[in-house]
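Engineer: Chains as they are written, first to last, in this note's numbering: chain A, 9 to 133; chain B, 9 to 133.
Protein chains: 2
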Amino acid sequence: MIDKSKARRSTRQRRLIVDAVKHSLNHPSASDIYATLADSGIGIATIYRQLSALVEDGEIGSVKYQGEVRYDPIIQPHAHIVCSKCDKIWDVELPKEIKNLAPTNGSFEKLDVDLTWKGVCSDCR
Amino acid sequence: MIDKSKARRSTRQRRLIVDAVKHSLNHPSASDIYATLADSGIGIATIYRQLSALVEDGEIGSVKYQGEVRYDPIIQPHAHIVCSKCDKIWDVELPKEIKNLAPTNGSFEKLDVDLTWKGVCSDCR
DNA sequence: GTTACTATCGATAATGAATATCATTATCTT
DNA sequence: AAGATAATGATATTCATTATCGATAGTAAC
Ligand SMILES: [Mn+2]
Ligand SMILES: [Mn+2]
Ligand SMILES: [Zn+2]
Ligand SMILES: [Zn+2]
């Protein structure tokens, strides 16, 4: 549990982890980041802790796919297209029309959208 | 791993499990079904095995939410709206316009859509 | 710069969902 | 009824993630 009321310290680990996500291309998982930063000596617990904290702080985004969390350098709302063969994830634009398609019947307010297309990419065919 | 080339046998367990999902209202998880069928003596492994088999056979649907699989009596394509407080999941219609919004740039073919709205339900406010 | 406070770290134990193993049981075909 | 084998249930195992806790290192005050 991370307490948002306390100031966040700028540690070597945190700087390296944000940087790794910000420069990532394929929506890396926690263990991807761990592998990327292998020679930094950062512990796996710190990787998980900081990734969660960074998402909570709104510095990075996250997507769930196939039972694991993948991290995203893009924080603006956008959709994804995933390949069910190689599990790669690409960013696609979120259609502006989507807002008008939000359900209105129930009494939900300020709805977030999660839109993902799934198929098989060209490399996998 | 379930082999689709072999015939599937009609067991007491399988019948009870389909039935439980078909009569369910809240997109139950495997352990929800396990709890529902507690007095049947069905083992947890069988619950998981049959739920996977039933999805594979197209007899029930499934949705992933919060790192766990939830099962769905509805097999027709539809969207969902989830409450981030109580984790309940409701069915909503999948807008027909969504097909036209599918990304065309890449060389993906026959894309499936996964559309989920997220918010806080009326009960949780 | 030194001190004091405490957030953060790293090693590792623990958790929770899901799958694998394997001897036993029950279904289906002949 | 008998034989072949799919399915079951108890339990071990895997995998991602979280919790625990003593040690370490940012940070602000002096
Ligand atoms: Mn993205
Ligand atoms: Mn549904
Ligand atoms: Zn692919
Ligand atoms: Zn709710």
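Cβ atoms here follow ideal geometry from the backbone N, Cα and C, with glycine treated the same way. Here the structure is a predicted model, which is why all the values come from computation and not from measurement.
1) Please check if any C-beta of chain B sits within less than 8 angstroms of the C-beta of residue 127 of chain A.
2) Can residue 33 of chain A and residue 48 of chain A be called in contact, C-beta distance under 8 angstroms?
3) Can you round the beta-carbon distance between residue 124 of chain A and residue 90 of chain A to whole angstroms, since I take them to be within the 8 angstroms contact cut?
4) Between the alpha carbons of residue 40 of chain B and residue 113 of chain A, how many angstroms are there, rounded?
5) Output the residue ranges of the beta strand (DSSP E) runs that lie fully inside the segment 89-130 of chain A and measure 3 residues or longer, sorted by chain position.
6) Just reading off the beta strand (DSSP E) that residue 78 of chain A is part of, what are its end residues?
7) What residues come near ligand 2, if near means a beta carbon less than 7 angstroms from any of its heavy atoms?
8) At 7 angstroms on the CB atoms, spell out the chain B contacts of residue 111 of chain A, in chain order.
9) Does the beta-carbon of residue 65 of chain A have 16 or more other beta-carbons within 10 angstroms, so that it is buried, or is it exposed?
10) Could you tell me whether the segment 98-105 of chain B touches the segment 58-73 of chain B, using the rule of 3 or more Cβ pairs below 8 angstroms?
11) Where residue 83 of chain B and residue 97 of chain B are concerned, what is the direct C-alpha to C-alpha distance, given to the nearest angstrom?
12) Is residue 131 of chain B near ligand 4, judged by its Cβ being under 7 angstroms from some heavy atom?
13) Can you give the Cα-Cα distance for residue 126 of chain B and residue 28 of chain A, rounded to whole angstroms?
14) When DSSP builds the beta bridges, which residues end up paired with residue 87 of chain A?
15) Below 6 angstroms CB to CB, which residues in the same chain sit around residue 50 of chain A once its five sequence neighbours on both sides are set aside?
16) Is any heavy atom in ligand 4 found nearer than 7 angstroms to the beta carbon of residue 126 of chain B?
17) Quick check: does the Cβ of residue 94 of chain B come within less than 7 angstroms of any heavy atom belonging to ligand 3?
18) Could you check where the alpha helix (DSSP H) with residue 39 of chain B kicks off and where it finishes?
19) Determine, using beta carbons only, whether residue 94 of chain A and residue 116 of chain B come nearer to each other than 8 angstroms.
20) Would you identify the three-state DSSP class for residue 133 of chain A, choosing helix, strand or coil?
21) In the DSSP assignment, what residue or residues form a beta bridge with residue 49 of chain A?
22) Taking 7 angstroms as the cut-off, is the beta-carbon of residue 91 of chain B closer than that to any non-hydrogen atom of ligand 4?
23) With DSSP run on the structure shown, which of helix, strand or coil describes residue 70 of chain B?
24) Is the distance from the Cβ of residue 111 of chain A to the Cβ of residue 79 of chain A below 8 angstroms?
25) Does the beta carbon of residue 117 of chain A come closer than 8 angstroms to any beta carbon on chain B?
Structural biologist: By the coordinates alone:
1) By 1-based counting over the first sequence, the position of residue 127 of chain A is 119. Residue-level contact by beta carbon holds for residue 127 of chain A and chain B, with a gap shorter than 8 angstroms.
2) Within the first sequence, residue 33 of chain A is the residue found at index 25, counting from 1. Within the first sequence, residue 48 of chain A is the residue found at index 40, counting from 1. The answer is no: Cβ separation not under 8 angstroms.
3) Stepping through the first sequence from its first residue, residue 124 of chain A is reached at position 116. Stepping through the first sequence from its first residue, residue 90 of chain A is reached at position 82. About 6 angstroms; that satisfies the 8 angstroms criterion.
4) Residue mapping note: residue 40 of chain B aligns to position 32 of the second sequence, counting from 1. Residue mapping note: residue 113 of chain A aligns to position 105 of the first sequence, counting from 1. Cα-Cα distance, rounded: 28 angstroms.
5) 97-100, 117-128
6) By one-based count along the first sequence, residue 78 of chain A stands at place 70. Start and end: 76-80.
7) B:35, B:69, B:71, B:80, B:82, B:86, B:88, B:97, B:99
8) Within the first sequence, numbered from 1, the residue matching residue 111 of chain A stands at position 103. Within chain B, the residues near residue 111 of chain A are 89, 100, 125.
9) Taking the first sequence and counting its residues from 1, the one referred to as residue 65 of chain A is at position 57. Of the residues assessed, residue 65 of chain A falls on the exposed side of the cut-off, its CB having fewer than 16 other CB atoms within 10 angstroms.
10) no
11) For the purposes of this step, residue 83 of chain B is identified with residue 75 of the second sequence, where counting begins at 1. For the purposes of this step, residue 97 of chain B is identified with residue 89 of the second sequence, where counting begins at 1. Taking the straight line from one Cα to the other gives about 15 angstroms.
12) Translated into positions along the second sequence, residue 131 of chain B becomes position 123. Because some heavy atom of ligand 4 lies under 7 angstroms away, the Cβ of residue 131 of chain B counts as near it: yes.
13) Translated into the one-based positions of the second sequence, residue 126 of chain B becomes position 118. Translated into the one-based positions of the first sequence, residue 28 of chain A becomes position 20. Approximately 29 angstroms, taken between the alpha carbons.
14) By one-based count along the first sequence, residue 87 of chain A stands at place 79. Answer is A:100, bridged to residue 87 of chain A.
15) Here the question's residue 50 of chain A lines up with position 42 in the first sequence. The residues are 21.
16) Counted from its first residue, the second sequence places residue 126 of chain B at position 118. No; taking the cut-off as 7 angstroms, the Cβ of residue 126 of chain B has no heavy atom of ligand 4 nearer than that.
17) If you number the second sequence from 1, residue 94 of chain B lands on position 86. Not under cutoff, so the answer is no.
18) In the second sequence, counting from the first residue as 1, residue 39 of chain B sits at position 31. Start and end: 38-44.
19) By 1-based counting over the first sequence, the position of residue 94 of chain A is 86. By 1-based counting over the second sequence, the position of residue 116 of chain B is 108. No, they are not a contact pair.
20) Locating residue 133 of chain A in the first sequence gives position 125, counting from the first residue. Here residue 133 of chain A sits in coil by DSSP.
21) Here residue 49 of chain A is taken as the residue at index 41 of the first sequence, counted from 1. According to DSSP, residue 49 of chain A bridges with nothing at all.
22) Residue 91 of chain B sits at position 83 when you count from the first residue of the second sequence. Within the cutoff, so yes.
23) Here residue 70 of chain B corresponds to residue number 62 of the second sequence, with the count starting at 1. If DSSP states are grouped into helix, strand and coil, residue 70 of chain B belongs with the strands.
24) In the first sequence, residue 111 of chain A corresponds to position 103, counting from 1. In the first sequence, residue 79 of chain A corresponds to position 71, counting from 1. It is not a contact, given that the beta carbons lie outside the stated cut-off.
25) Indexing the first sequence from 1 puts residue 117 of chain A at position 109. Chain B, which has a Cβ nearer than 8 angstroms to the Cβ of residue 117 of chain A, makes this yes.
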